[in-house]
Every structure is written in C-alpha cells, then in structure tokens.
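Data block below; observations after.
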Amino acid sequence: MKAVYFAWVRERIGVSEEEIDPPREVETVRQLVDWLSARGEGYAAAFANPKTIRAAIDKTHAAPDAPIGAAREIAFFPPMTGG
Amino acid sequence: MSVEATIRVQAADFDAAQEEALLTQGRRDVGALVAFTGLCRDDDGALAALELEHYPGMAEEEIGRVARDALARWPLTGLTVIHRHGLIRPGERIVLVVAAARHRGEAFAAAEFMMDYLKTRAPFWKKERRVDGTDGGWVAAKDADDSAAARWES
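In the order they appear, the protein sequences are chains U and C.
Going by full-length UniProt numbering, 17 is the number at position 17 of the first sequence; the sequence numbering is gapless.
Going by full-length UniProt numbering, 18 is the number at position 18 of the second sequence; the sequence numbering is gapless.
Here's what the structure looks like:
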C-alpha cells in the first residue's frame with residue numbers, strides 16, 4: 001500500500017510518500033504506527049506522540065483501531081489547521 | 001429539488017462577490033445569503049506569509065462530506081466553499097463559505113457549521129514564514145476549534 005505523509009510528519013520522516021509492505025499481523029492504524037515507528041529515527045520522531053497523529057484510509061479519516069485491511073493509500077498527518 | 005454544493009480547492013485567489021452573485025442570479029426564492037471570508041492575519045507584524053499544505057483529493061472529498069451534511073441539516077438553496085492552498089500573505093484571502101437559503105437562520109447556521117468543521121476535518125496545515133526569513137513552524141491545532149465543532153454534535 002502507499003503511505004503518504006503531510007506537514008511535520010512528512011518533514012520528520014523525510015519523504016512525502018512511499019510504498020510500504022507491513023507484515024500480516026499489522027492489522028490496525030495503531031499497529032501500523034508502531035510498525036512504522038520502528039523503521040528509523042525520523043519515523044520514531046514523527047510518531048513519538050500518538051495523540052498528535054491523525055490518519056486517513058483512502059482519503060477518509062480513520063480512528064486508531066480502524067482495520068487497514070484492503071487500504072490502497074494510508075495517510076498520516078498532524079491535527080488539521082485549515083480554515 | 002436537490003442542491004449540490006460548489007467546492008473548489010485552489011491556489012488562486014477568489015472573488016467573493018462573484019461567488020455570491022452565482023448563488024442568487026436568476027432566482028427569486030433566495031431570502032438570505034451569508035458569506036464568510038477567512039483572511040491571513042498577522043497580529044504582531046512578524047508574519048511574512050502562511051504556507052498552506054493540503055492533501056489533494058482528500059481536501060475536496062472531506063469538504064464535500066461536510067457540505068452534504070450541511071445540506072442535509074438545513075434547507076439551503078445553494079452552498080459554495082473555496083479553500084486556497086500555497087503561499088498566502090497577511091491580508092490575503094484563505095477561505096470562502098457562502099450559504100444561501102430562504103431565511104437567514106439556516107444560512108447563518110450552515111455557514112458557521114461549515115467553518116467549524118472545515119477547521120477540524122479538512123486536511124490543510126499552516127506553516128508560518130517570518131519576515132526575518134526564519135521558519136515560524138507549523139501552526140498548532142486549537143482545542144477551541146474542536147469545541148466549536150463539537151457543539152454541532154447531538
């Protein structure tokens with residue numbers, strides 16, 4: 001699946017998008033965050049405070065316990081500040 | 001008759017008066033038009049610009065979801081939402097919501113509802129660029145915006 005990152009999540013990780021292939025046991029958004037966090041310092045820094053991370057699955061807001069199942073695109077970003 | 005919202009996410013500026021006119025021209029059933037324009041504000045003279053990052057695709061979809069919710073809650077005759085991205089300087093326009101209805105109550109409420117949800121659900125992020133050339137960092141989300149959106153939950 002494709003992972004995309006925005007704002008300071010993107011800056012800390014260092015890329016705006018990438019293909020990821022998490023193992024089968026990674027089933028939810030929360031577990032994916034944990035899996036990504038273990039990939040390196042930038043990821044660990046981006047996901048250090050789970051309370052400040054929002055996720056979207058295929059461009060729809062997703063809660064931490066949402067299953068990532070057949071997602072094509074999963075996005076991580078800080079709380080929105082538009083308007 | 002079902003009403004479809006007009007939604008645009010764009011770098012270019014917009015003309016609020018022209019957007020308002022589009023919701024009323026040729027109609028006799030519109031009694032209320034509420035337009036809100038959000039501007040880039042600089043309180044202390046240190047801000048050179050805001051850099052608005054967005055999630056292409058999701059930004060339009062999410063504004064669309066909120067707009068459909070607004071149209072389901074209030075009997076509007078028209079609804080337009082425009083949100084800009086890219087570099088926006090103090091005094092420049094960022095966002096426009098225009099709600100048209102038969103009566104003012106629903107037009108005011110729908111416009112306010114749209115703005116409260118835009119601020120908390122639409123995937124946009126603001127980074128500050130300072131006059132002295134430094135990076136002012138990402139604007140933090142406000143709890144007050146979450147509370148403003150929460151009051152519509154019932």
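The beta-carbon is built from N, C-alpha and C at its ideal position, and this holds for glycine as well.
Please read all numbers here as calculations on a predicted model, not as lab measurements.
Counted as a single uninterrupted DSSP element, the stretch harbouring residue 25 (chain C) is not any alpha helix (DSSP H), since DSSP gives it neither H nor E.
Chain-order list of chain U residues neighbouring residue 124 (chain C): 80, 81 and 82, by C-beta distance under 7 angstroms. Contact annotation for residue 118 (chain C) against chain U: 82 and 83 [CB-CB distance below 8 angstroms, chain order]. Contact annotation for residue 139 (chain C) against chain U: 81 [CB-CB distance below 9 angstroms, chain order]. For residue 144 (chain C), the uninterrupted alpha helix (DSSP H) run begins and ends at 143-150, by DSSP. As summarised for the region 31-80 of chain U, the continuous beta strand (DSSP E) elements at least 3 residues long and confined to that stretch are 54-57, 60-62 and 73-77, given in chain order.
Within the model, the alpha-carbon separation for residue 57 (chain C) versus residue 66 (chain C) is close to 15 angstroms. In the structure shown, residue 134 (chain C) falls within a coil segment according to DSSP collapsed to helix, strand and coil.
In this structure the region 62-71 of chain U does not lie against the region 34-48 of chain U, because fewer than three pairs of beta carbons, one per stretch, are closer than 8 angstroms.
Near chain U, meaning a CB-to-CB distance below 8 angstroms, the residues of the region 86-102 of chain C are 94 and 95. In this structure, residue 120 (chain C) and residue 140 (chain C) do not form a Cβ contact; the two beta carbons are roughly 13 angstroms apart against a cut-off of 8 angstroms.
DSSP places residue 117 (chain C) inside the alpha helix (DSSP H), whose first and last residues are 104-121. Inter-residue distance for residue 126 (chain C) and residue 73 (chain C) is about 30 angstroms (C-alpha atoms, whole angstroms).
For residue 53 (chain C), the chain U residues whose Cβ falls inside 7 angstroms of its Cβ are 6 and 7, in order along the chain. The beta carbons of residue 5 (chain C) and residue 111 (chain C) sit no closer together than 9 angstroms. DSSP, reduced to helix, strand and coil, places residue 10 (chain U) within a helical segment of the structure shown. Within chain C, the C-beta atoms nearer than 8 angstroms to that of residue 77 (chain U) come from 55, 123 and 125, in chain order.
A Cβ-Cβ separation of about 7 angstroms places residue 79 (chain U) in contact with residue 52 (chain U) under the 8 angstroms criterion.
Measuring C-alpha to C-alpha distances from residue 93 (chain C) to each of C:9, C:101 and C:44 identifies C:9 as the nearest. When Cβ-Cβ separations below 9 angstroms define contact, residue 63 (chain U) makes no contact with chain C. Residue pairing from DSSP places residue 88 (chain C) in a beta bridge opposite C:50.
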